[in-house]
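Student:
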Amino acid sequence: MESENCEKYLAYSKIIVIVLSIIIAGLYFLSFSSFLLLFRPEFDTTLSPEHKAFVYEKMIEAFRSTDKKACDNQYCKRPETQHVDCGRVLRGDKEYLQTLTGSSRIPLIADPYLNMTCSAIISRIKPEHLNFRELKLNGTAFARIVYKDYEFIEKQVQASYHPQNAFCFVVDKKSPVEFYEKMKKLQECLGNVIVLPATESYDSNGHNNNLGHYRCMEALLSRPDWSYLILLQNYDVITKSVYEMDRIFELLGGANDVATSTETPGRRKKHLKWDPKSLKLFRDESGIEESILNSDVKISSGFVQGSLSRAAIEWMVNTVDLTVFINQWNQTKYGGDEQFINSLQINSNFGMPGHFTDECIHQKLPVVEITRMTRWAVHGPSSCATKTVRNEICIFGIEDFRAVAKMPTLMFNKMIPSFDYSIVECTAELLYNRTFLGQVDTVLNEVFYENLVSAQYHKHHKEPGYVLNCTSDVSPWKYEDYL
Ligand SMILES: *[C@@H]1O[C@H](CO)[C@@H](O)[C@H](O)[C@H]1NC(C)=O
Ligand SMILES: *[C@@H]1O[C@H](CO)[C@@H](O)[C@H](O)[C@H]1NC(C)=O
Ligand SMILES: *[C@@H]1O[C@H](CO)[C@@H](O)[C@H](O)[C@H]1NC(C)=O
Ligand SMILES: *[C@@H]1O[C@H](CO)[C@@H](O)[C@H](O)[C@H]1NC(C)=O
Ligand SMILES: *[C@@H]1O[C@H](CO)[C@@H](O)[C@H](O)[C@H]1NC(C)=O
20 MESENCEKYL
30 AYSKIIVIVL
40 SIIIAGLYFL
50 SFSSFLLLFR
60 PEFDTTLSPE
70 HKAFVYEKMI
80 EAFRSTDKKA
90 CDNQYCKRPE
100 TQHVDCGRVL
110 RGDKEYLQTL
120 TGSSRIPLIA
130 DPYLNMTCSA
140 IISRIKPEHL
150 NFRELKLNGT
160 AFARIVYKDY
170 EFIEKQVQAS
180 YHPQNAFCFV
190 VDKKSPVEFY
200 EKMKKLQECL
210 GNVIVLPATE
220 SYDSNGHNNN
230 LGHYRCMEAL
240 LSRPDWSYLI
250 LLQNYDVITK
260 SVYEMDRIFE
270 LLGGANDVAT
280 STETPGRRKK
290 HLKWDPKSLK
300 LFRDESGIEE
310 SILNSDVKIS
320 SGFVQGSLSR
330 AAIEWMVNTV
340 DLTVFINQWN
350 QTKYGGDEQF
360 INSLQINSNF
370 GMPGHFTDEC
380 IHQKLPVVEI
390 TRMTRWAVHG
400 PSSCATKTVR
410 NEICIFGIED
420 FRAVAKMPTL
430 MFNKMIPSFD
440 YSIVECTAEL
450 LYNRTFLGQV
460 DTVLNEVFYE
470 NLVSAQYHKH
480 HKEPGYVLNC
490 TSDVSPWKYE
500 DYL
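According to the numbering used here, the residues represented by the sequence shown are 20 to 502, in order.
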C-alpha cells in the first residue's frame, strides 16, 4: 500500500516538474512585452450580429428623418447617435441611461464615403453661422499623437475649434495610408492645423512618444499667440469648452499642470548617466552652477499628458537641448515617456518657466493635477461605470457623462469610439451648448483652479520666507461623487 502511494507520488512529482519546466521555458521564449500582452489582450470591439442590426436600424431611422435645417441652430449628431438624448442623461435619468448601454450601446460606424473636400470638412468643423469671441490668452495649442479613427479625431478638432487655437498632430508611421491622407487633408483645409510627416512609430510601451510631442512643440512655436499647450494621445477627449480652457489657464497664471509622483522603480536605465552635463541639457552652461550640472536630475513619474505654458515650451526648445534626455528615456522598455515633462517640472533649479518642486514628493503628499482624468481599475471591471477595462484603465462610456460635465479635469482618458460613441457625441454636444448656446450646465469652480498647489507655488515661491503647503484648501475631487 505504502509503496504504491509512494510510486504515485513520484509519478505526480514528475508530471509537476515537466509542467513547470514547460511553463518556465515558455516564459523564457516569450519576450517580456509579449508576456504582458498575454494578460493585456487587444481590446476587442467586435459587435455581435444582433448588436450590429440594432445600430444599423438606428442609422436607417436617422437617415429617414433627417431634417438638414435642424442642424443650423443646434448641435448635429451623426446617424448612429441621433436618437441619443444627451440632455436626459445629463439630468441623471438612470432608467433612460439603461437604453444606451449593454446591447444598445452605440459604437461609431466609420463612414466609407466621408466627404473629404475642403468645403465639407470646414462645414463639419466650423459651419459658417457660428460666431467666436476672442480669447483672453490668445489661444490654446494641442499636440496629439494619433494613429486611428479619423472621424473621432476630426470630432475632437471640432469640439475644441477656435480660430485662435492651434492643432498639431504627429501620425504613427504604422497607420494606414488612408488615415494619414485624411489627416493631411485636414491640414490642407484648415490654417491652424499642422500635421507633421509620419517619420516614426509610437507604441503603448511609450517609445517615441516624447519625440513626437517634442516635434509638435517645435512646430507650434512657429505660430504666434497661443499661451498654453496641452499634450494628448489618440483617445483623449477634452471636456472643457474653448472659453473654459482659456479661463482655467488664466487662473493657473503661468504655472504648468503636470502630474508629478514618486519615480516608478525600474524605469531609468541604470547604466546611463542622468546629470545635466552628461545629458548635454543646457545649450549654454555658463550661467549654471557646477553643482547643478553634475548632480543627478531628480526624476518624477506621471502622465504623458499635461498642460505647459508657452514660456515653458520656449524653454524646452530654445534654452535646453532635450535630444539626449529624450533618447535615454526611449531606451526604457516600458513607460519611459512618463518621466519626461514630469521630471523637468520638479527640478526647480533648472528654471523651467511654470515649474514645480519635488518637496511634496518628499512629504509624500499627492498634488492634484487637472489635465488628465483617469480611472484606474484597481478592483477590475467593477471599478468602472462601464465595467470595461483596457490596460488597467476604465474605458469611459455614456454612464460617465455626468462626471464628464461636472469634474474639473480638462480631459478624459480614454473614450474609444468603436466601444461607445454616445459619450463622445454627448461630450461634443455639451461643449457646443456651452460655446455657442451660452448654456451653463456646470459653473466653473474658479476658486479650485486658483488654489491648486502648483498655481499657488508659482505665484508665491519667489517671495522671501515662502513656505510651500502641499495641501490645498480645496479638497480633491472624487469620481464616484459625480456619477
Ligand atoms: C444642448 O442643447 C439642446 C438645445 O437646448 C438641448 O436639447 C440638449 O439637451 C443640450 N445637450 C446637453 C448635453 O446639454
Ligand atoms: C462634398 O461636399 C461638398 C460641399 O458640401 C459638395 O459640394 C459635394 O457635392 C459633396 N460631394 C459628394 C460626393 O457628396
Ligand atoms: C495677446 O496678443 C496681444 C496682441 O499680440 C498681446 O498684446 C497680448 O499681450 C497677448 N496676450 C497674452 C496673454 O499673451
Ligand atoms: C525608440 O525606441 C524604439 C524601440 O526600441 C526604437 O525602435 C526607436 O528607433 C527609438 N527611437 C529613436 C529616435 O531612437
Ligand atoms: C496647509 O493648508 C491646509 C489647508 O488650508 C491647512 O489645513 C494646513 O494647516 C496647512 N498646513 C500648514 C503646515 O500650514
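Ideal placement from N, C-alpha and C gives every residue a C-beta, glycine not left out.
(1) Taking all protein chains shown into account, decide if residue 298 is buried (16 or more other Cβ within 10 angstroms of its Cβ) or exposed.
(2) By DSSP, does residue 265 sit in helix, in strand, or in coil?
(3) Considering only the beta carbon of each residue, do residue 125 and residue 147 sit closer than 7 Å?
(4) Compute the Euclidean distance between the alpha carbons of residue 122 and residue 192, then round it to the nearest angstrom.
(5) For a test of your reading of the model: does the CB of residue 499 fall under 6 Å from any non-hydrogen atom of ligand 1? Yes or no.
(6) In the structure shown, what three-state DSSP assignment does residue 11 receive?
(7) Which partner residues does residue 247 have in the DSSP bridge list?
(8) State buried or exposed for residue 155, treating a residue as buried only when at least 16 other CB atoms are found within 10 Å of its CB.
(9) Specify, as a first and last residue, the run of the alpha helix (DSSP H) that residue 361 falls within.
(10) Note down the Cα distance separating residue 443 from residue 436, rounded to an integer number of angstroms.
(11) Specify whether the segment 218-230 and the segment 397-409 touch according to this definition: at least 3 beta carbon pairs, one from each stretch, less than 8 Å apart.
(12) Under DSSP, the beta strand (DSSP E) around residue 430 begins and ends at which residues?
(13) Count the other CB atoms, across all protein chains shown, that sit within 10 Å of the CB of residue 253; report buried if there are 16 or more and exposed otherwise.
(14) Can residue 156 be considered in contact with ligand 3, in the sense that its beta carbon sits closer than 6 Å to one or more heavy atoms?
(15) For residue 409, does the three-state DSSP call read helix, strand or coil?
(16) Within its chain, find whatever has a CB closer than 6 Å to the CB of residue 69; leave out the 5 residues flanking it on each side and keep chain order.
(17) Along the alpha helix (DSSP H) that carries residue 345, what are the first and last residues, could you check?
(18) Ignoring anything shorter than 3 residues or poking outside the segment 174-206, list the beta strand (DSSP E) runs there in chain order.
(19) With ligand 5 as the reference, list in chain order each residue whose Cβ lies under 5 Å from any of its heavy atoms.
(20) Compare the beta carbon distance of residue 215 and residue 196 with 7 Å and say whether it is the shorter of the two.
(21) For residue 395, count neighbouring Cβ atoms within 10 angstroms of its own Cβ and tell me buried if that reaches 16, exposed if not.
(22) Quick one, which of 274, 447, 251, 344 has its alpha-carbon nearest residue 296's?
(23) By Cβ distance, which residues of its chain are closer than 6 Å to residue 198, with the 5 residues on each side in sequence left out?
(24) Using the C-alpha atoms, what's the distance from residue 369 back to residue 308?
(25) Going by C-alpha distance, which of 269, 258, 240, 167 is nearest residue 220?
(26) Mapping the DSSP letters down to three states, classify residue 258 as helix, strand or coil.
(27) Which residue from 487, 174, 213 puts its Cα closest to that of residue 5?
(28) List the endpoints of the continuous beta strand (DSSP E) containing residue 213.
(29) Bridge partners for residue 276 per DSSP, in chain order?
(30) State whether the segment 318-331 contacts the segment 300-307, with contact taken as three or more CB pairs (one from each stretch) at a distance under 8 Å.
(31) Can we say the segment 470-479 touches the segment 259-272, given the rule of at least three CB pairs closer than 8 Å?
(32) Please go through the same chain and pick out, in chain order, the residues whose beta-carbon is closer than 6 Å to the beta-carbon of residue 327, but skip the five residues on each side of it.
(33) When burial is assigned at 16 or more other CB atoms within 10 Å of the CB, is residue 324 buried or exposed?
(34) Can you say whether residue 428 is buried or exposed, counting buried as having 16 or more other CB atoms within 10 angstroms of its CB?
(35) Counting Cβ pairs closer than 8 Å, one from the segment 443-458 and one from the segment 173-184, do we hit at least three?
(36) Applying the 10 Å Cβ sphere with the 16-neighbour rule, what's the burial state of residue 79?
Tutor: Walking through what the data contain:
(1) Residue 298 counts as buried, since at least 16 other C-beta atoms from the protein chains shown sit within 10 angstroms of its C-beta.
(2) Per DSSP, reduced to three states, the secondary structure at residue 265 is helical.
(3) A distance of 7 Å or more separates the beta carbons of residue 125 and residue 147.
(4) Each residue's alpha carbon lies about 35 Å from the other.
(5) No, the Cβ of residue 499 stays beyond 6 Å of every heavy atom of ligand 1.
(6) Residue 11 is absent from the model: the chain starts at 20 and stops at 502.
(7) Beta-bridge pairing links residue 247 to 159, 328.
(8) Counting Cβ neighbours within 10 Å, residue 155 comes out exposed, since fewer than 16 surround it.
(9) Where residue 361 is concerned, the enclosing alpha helix (DSSP H) starts and stops at 359-365.
(10) Between residue 443 and residue 436, the alpha-carbon positions lie close to 7 Å from each other.
(11) The segment 218-230 is not in contact with the segment 397-409.
(12) Where residue 430 is concerned, the enclosing beta strand (DSSP E) stretches over 430-432.
(13) It counts as buried.
(14) It does: the Cβ of residue 156 is within 6 Å (strictly closer) of some heavy atom of ligand 3.
(15) In the three-state reduction of the DSSP assignment, residue 409 falls in the strand class, which pools E and B.
(16) Closer than 6 Å at the Cβ level, and outside the excluded window around residue 69, lies no residue.
(17) Start and end: 342-349.
(18) With a minimum length of 3 residues, the continuous beta strand (DSSP E) runs that stay inside the segment 174-206 are 185-190.
(19) Those satisfying the condition are, in chain order, 488, 490, 492.
(20) Not closer than 7 Å, so no.
(21) Label assigned to residue 395: exposed.
(22) Proximity to residue 296 across 274, 447, 251, 344 peaks at 344, based on C-alpha coordinates.
(23) Once the five neighbours on either side are set aside, the close Cβ partners of residue 198 are 169.
(24) Take the alpha-carbon of residue 308 and the one of residue 369: they are about 10 Å apart.
(25) Nearest of 269, 258, 240, 167 to residue 220, Cα basis: 167.
(26) Of the three classes helix, strand and coil, the one that applies to residue 258 here is coil, per DSSP.
(27) For the chain, the structure presents residues 20 to 502; residue 5 sits outside this window and is missing.
(28) From DSSP, the beta strand (DSSP E) with residue 213 extends over 212-215.
(29) Looking at the DSSP assignment, residue 276 forms a beta bridge with 326.
(30) With the cut-off at 8 Å, the segment 318-331 and the segment 300-307 do not touch.
(31) Counting C-beta pairs closer than 8 Å gives three or more between the segment 470-479 and the segment 259-272, which meets the contact rule.
(32) Cβ neighbours of residue 327 beyond the five flanking positions: 248, 275.
(33) Residue 324 should be labelled buried.
(34) By the neighbour-count rule (16 or more Cβ atoms within 10 Å), residue 428 is buried.
(35) Judged by Cβ distances under 8 Å, the segment 443-458 makes contact with the segment 173-184, as three or more pairs qualify.
(36) Residue 79 should be labelled exposed.
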